[in-house]
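Here the structure is laid out as structure tokens; the discussion comes afterwards.
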Amino acid sequence: MPMNQQFLNFYEQHTQEMSVSFDGEGIITHTNPATNRVLDYPDGMRGLHISEVFSGTFERTADGFATDLDFGPQEKPVMVYRKNRTCFYAKMWYLHAALAEREYICLMTDVSNEVYLEQKIVQVQQEAEEAAKVKSEFVANVTHELRTPVNGILGNTRILLEEIHDEELLKTLKLIERGCNDMHSIINNILDFSKLDAGKFTLENREFDFRAMIDYVKANHMPKIVEKGLQFFVTISPEVPERVISDELRIEQVLNNILSNACKFTSVGKVSLEILKTAKTQNRVELFFIVNDTGIGIDKKDQDKLFESFSQVDASISRQYGGTGLGLNISKQLVTLMGGSINVESEKGRGTSFTFSIWVEIPENEADEVSANVDEKLSHFLEDAPETDVLHVYGTEENKKELDDKMSKLVLAVEMDNWEKAEMFMNVIRELTEEAPHDIKSASLRLKMAVQKADYDKTMAAHKKLLDAVDGVENGDQSAAGE
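One gets my numbering by counting positions in the sequence shown from 1 and adding 1 to each.
Next comes the structure, spelled out in structure tokens:
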């Protein structure tokens with residue numbers, strides 16, 4: 002017996018794969034035990050025609066058999082029939098069984114489970130798509146139906162507010178008005194979440210006045226924050242363009258969600274919003290938003306829950322402060338759609354800092370105006386700060402001297418636990434490093450965030466990193482200072 006035939010016989014007897022050997026007439030000459038077991042032929046299949054096992058793949062003809070299969074090691078999908086004529090899917094390799102031209106072998110692997118799972122996955126995907134469609138339509142219909150009575154209540158309440166002068170009644174009507182406004186916010190959040198979840202949400206980008214938008218957001222939150230006796234600070238870097246192209250309403254929505262949370266969870270202290278320009282690529286800029294509060298804070302182990310759907314830190318938060326837990330999840334998805342990311346840093350009882358970035362376009366006429374007006378808009382928070390253009394050119398003697406002075410005064414203010422004064426010095430430091438290399442600007446930003454959180458340890462650590470970054474540039478390539 003030829004060596005290759007011995008090898009094939011050994012392989013057929015011991016492999017877990019099925020094998021069927023047949024001659025040029027299509028008559029099966031040998032099957033291995035795995036084939037007999039799977040196809041339910043305990044006595045073997047010798048003498049059967051190959052078309053009985055592969056009906057539809059092999060066809061009986063006058064001179065033997067016919068098939069469209071090509072020889073070779075490439076696997077072919079086929080249907081294999083058992084003795085009781087039930088069938089299953091298999092992968093088959095169709096090869097010559099020996100050196101003789103008309104001796105063949107089919108090697109098979111049962112893949113019926115794989116095919117079933119693939120079909121099941123397709124079915125589940127189709128069902129999920131259909132369910133999402135039904136859910137989306139249901140949410141749209143429900144929110145529309147809810148808006149109608151809420152609008153009716155709100156409209157009539159506002160009419161009564163103008164006509165009634167009784168203090169007790171006015172107090173009740175204002176509570177109804179606030180409840181209607183809260184209901185509107187919940188309805189809008191659910192509708193937005195449904196659209197985002199279904200992948201049907203699109204941004205509506207247009208040109209708008211960025212600072213006017215921030216003024217509107219500030220005016221919207223100022224009454225609530227002041228009502229709680231909190232301080233509210235809003236700072237916009239002079240490098241931020243006056244006009245940008247983006248989805249104004251969605252930027253407002255993200256800011257409103259974060260600022261509302263800051264106000265909701267802060268009973269004493271302050272809330273602050275700062276906007277910086279952190280990168281520029283051709284006609285696009287990255288805007289970086291920082292929202293700090295001195296509220297209840299969040300444990301590190303609970304911070305990952307903040308951006309999950311319908312999730313809050315614990316049930317008591319929902320009972321005490323209200324809310325659906327959708328706002329931050331929606332904000333995260335909106336920020337992602339605008340090319341950015343959102344993060345949170347917090348400590349229990351020491352406040353929270355939300356930061357997020359987005360990319361916006363600059364109108365054609367705006368780019369030159371931004372560069373021309375930056376120096377005009379730079380202003381100092383301290384009276385003793387020199388007002389010269391050369392002061393803001395990083396690396397000049399005037400700049401170095403002023404930066405050293407304000408860094409020293411910042412440390413002194415921190416040591417005296419005067420965080421308000423420290424923030425004033427920090428704002429000057431930020432201005433003095435506006436034209437610094439990237440490492441120094443990043444270190445300056447981290448120092449500012451630590452100061453705003455009134456965290457002594459983090460402030461001193463960030464202060465040291467900024468000093469190290471400045472020393473690194475001075476001892477290295479001075480030409481990088483102006484980049």
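Glycine included, each C-beta is placed from N, C-alpha and C at the ideal position.
query	result
Complete runs of the alpha helix (DSSP H) confined to the region 431–475 [at least 4 residues]	439–453, 457–475
Reference His97, options Leu70, Glu416, Lys349, closest by Cα	Leu70
The region 261–270 in contact with the region 332–349 per 3-pair CB rule at 8 Å	no
Whole-angstrom distance between Gly48 and Gly25, CA atom to CA atom	13 Å
Beta-carbon gap between Cys181 and Ile160 smaller than 8 Å	no
8 Å CB neighbourhood of Thr389 in its chain, flanking five on each side removed	At Thr389 the pLDDT is 43, less than 50, meaning the model places this residue with poor confidence and gives no usable figure here.
Local conformation of Met408 per DSSP, three classes	helix
Sheet register partners of Ser247 (DSSP bridge)	Arg207
Strand pairing of Gly65, partner residues [DSSP]	Thr62
8 Å Cβ cutoff met for Val292 and Ile226	no
Contacting residues, own chain, Cβ-Cβ under 8 Å from Ser372 (five flanking each side not counted)	Only weak support exists for where Ser372 lies, its pLDDT of 48 falling under 50; the value from the coordinates is given anyway. Excluding sequence neighbours, Ser372 sits near nothing in its chain.
8 Å Cβ cutoff met for Thr144 and Leu192	yes
Three-way DSSP call (helix, strand, coil) for Ser372 in this model	The predicted model places Ser372 with a pLDDT of 48, which falls under 50 and marks its position as unreliable, so this point remains unresolved.
At least three beta-carbon pairs within less than 8 Å, the region 169–187 to the region 205–215	no
Close Cβ partners of Ser113 (< 7 Å) along its chain, the five nearest in sequence each way excluded	Phe89, Tyr90
Rounded straight-line distance, which links the Cα of Val245 to that of Glu287	11 Å
Stretch-stretch touch, CB-based, cutoff 8 Å, three pairs: the region 53–66 with the region 23–43	yes
Local Cβ density within 10 Å of His464, reported as buried at 16 or more and exposed below that	buried
When Trp420, Gly396, Met80 are compared against Val452, the one with the closest alpha-carbon	Trp420
Neighbourhood of Asn85 by C-beta distance below 7 Å, restricted to the same chain and skipping five residues each side	Asp41
Classification of Gly352 by the beta-carbon crowding that lies within 10 angstroms, buried from 16 upward	buried
Integer Cβ distance of Leu329 from Phe308, believed to fall under 8 Å	5 Å
Cβ neighbour criterion (16 or more within 10 Å) applied to Leu413	exposed
Collapsed DSSP secondary structure at Asn366 in the structure displayed	coil
Per-residue DSSP class, three states only, for Val1	Shown here, the chain extends from 2 to 484; a query on residue 1 therefore has no answer.
According to DSSP, residues forming a beta bridge with Pro73	Going by the sequence as given, residue 73 is Gly instead of Pro. Bridge partners of Gly73: Tyr95.
Glu361 versus Gln304 - alpha carbon distance	The sequence given here has Val at residue 361, not Glu. Whole-angstrom Cα-Cα distance: 28 Å.
Residues near Phe382 in its chain [Cβ-Cβ closer than 7 Å; skip 5 each side]	Per-residue confidence for Phe382 stands at a pLDDT of 37, beneath the threshold of 50, marking its modelled position as unreliable; the derived number appears in the next sentence. So the list reads Met425, Asn428, Val429, once near-sequence residues are dropped.
Cβ neighbour criterion (16 or more within 10 Å) applied to Asp385	Unreliable placement is indicated for Asp385, whose pLDDT of 41 sits below 50; the coordinate value is still reported in the next sentence. So Asp385 counts as exposed.
DSSP three-state assignment for Arg285, whether helix, strand or coil	strand
Simplified DSSP state of Ser354, which is helix, strand or coil	strand
Coarse secondary structure for Lys278, derived from DSSP in three states	strand
Ile359 vs Pro242 beta-carbon contact at 8 Å	no
Same chain, Cβ closer than 6 Å to Thr356, five either side skipped, listed in chain order	Ile291, Asn344
Distance between beta carbons of Thr460 and Val415, contact taken as under 8 Å	6 Å
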